[in-house]
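Please read the structure below before turning to the comments.
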Amino acid sequence: MAFGQHWEWRGFGDIPTALRRRVAQLPLWYQSPIPSVDVYLWCPQTRVNVKLRGEALKFKRFITREGPFECWLEDEAELIPFPLGQEAMAMLAQALSCSLPAPDHLLTRPDMLLQYLHRVAPNIRAITVRKERILHHYPTPATPPVIVELTEILSPQTISSLAIEHPRLDLVQAVRAELMQGMPELSAYSYLEAVGRWAHEQLLV
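First residue of the sequence shown: 311, per my numbering; consecutive thereafter.
Set out below in structure tokens:
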């Protein structure tokens, strides 16, 4: 999703062939050429989706919920490239609700951050999620478009995910209703909730 505040619904489970066909007929928005790898930083008290993607630390903040629909904020200023300075480390500590001592050297790479966290905050779990994503957009006159994302999770659990995202809740609700009409329900989780289950070695469905 583009930066900013948006609503989203995400379901996990066995996506029927008929639903896949509905999604495949939508205009293509983006397709990841190879499996992407996100490393989520999780602990029981966090309400912030914190992850390492590529050579950057990214924060995604929960705003509110209405039924299975959630509102999140992705601020461009909170996509922070390495090396990480003091301000980034303070943001990380606040997001994970913990105290982090100053590193004894500059953290210039994601693996260095993971090693540091393992040493000073062993309660923080690093959950690696490998996924393949295809993003479509639902044809509406809305700007920006309604994003429909079909994702294959490869690990830590092999499972499919369908997500719908847009700044307007009513459009997310309408597109979900149309796409899911006559289809079996999927289990609704945010990635933050999913990572929490994986951290406890639990399956989503």
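C-beta atoms are modelled at their ideal positions from N, C-alpha and C, and glycine is treated no differently.
Go ahead and pull the three-state DSSP assignment for residue i.
{"i": "V360", "result": "strand"}
{"i": "A366", "result": "strand"}
{"i": "E511", "result": "coil"}
{"i": "G314", "result": "strand"}
{"i": "Y499", "result": "coil"}
{"i": "D385", "result": "coil"}
{"i": "A398", "result": "helix"}
In terms of residues, what are the limits of the alpha helix (DSSP H) holding residue i?
{"i": "H428", "result": "420-430"}
Would you kindly report the start and end of the unbroken beta strand (DSSP E) that includes residue i?
{"i": "T253", "result": "No answer is possible for residue 253: it lies beyond the span of the chain, which begins at 311 and ends at 515."}
{"i": "Q341", "result": "338-341"}
Could you pull out every residue in the same chain whose Cβ sits closer than 6 Å to the Cβ of residue i, ignoring the five residues on either side in sequence?
{"i": "I444", "result": "Q341, L460"}
{"i": "P413", "result": "Y426"}
{"i": "R486", "result": "W319, I474"}
{"i": "Y350", "result": "K361, I437, V505"}
{"i": "G323", "result": "L496, S497, V515"}
For residue i and residue j, which I take to be in contact (beta-carbon distance under 8 Å), what is that distance rounded to the nearest angstrom?
{"i": "G506", "j": "W352", "result": "6 Å"}
{"i": "L336", "j": "P420", "result": "So it is not a contact: roughly 33 Å between Cβ atoms."}
{"i": "G321", "j": "S471", "result": "7 Å"}
{"i": "L402", "j": "L410", "result": "7 Å"}
Within its chain, find whatever has a CB closer than 7 Å to the CB of residue i; leave out the 5 residues flanking it on each side and keep chain order.
{"i": "R440", "result": "P345, V347, L464, S465"}
Would you call the CB atoms of residue i and residue j closer than 8 Å?
{"i": "L389", "j": "I373", "result": "no"}
{"i": "A405", "j": "V458", "result": "no"}
{"i": "A504", "j": "L514", "result": "yes"}
{"i": "Q467", "j": "W508", "result": "yes"}
{"i": "C408", "j": "I437", "result": "no"}
{"i": "P393", "j": "A366", "result": "no"}
Taking only beta-carbon positions, decide if residue i is within less than 8 Å of chain B.
{"i": "M401", "result": "The structure shown contains no chain B, having only a single protein chain."}
Looking only at its own chain, which residues have a Cβ that is under 8 Å from the Cβ of residue i, when we skip the five neighbours before and after it?
{"i": "L479", "result": "W317, E376, F379, C381"}
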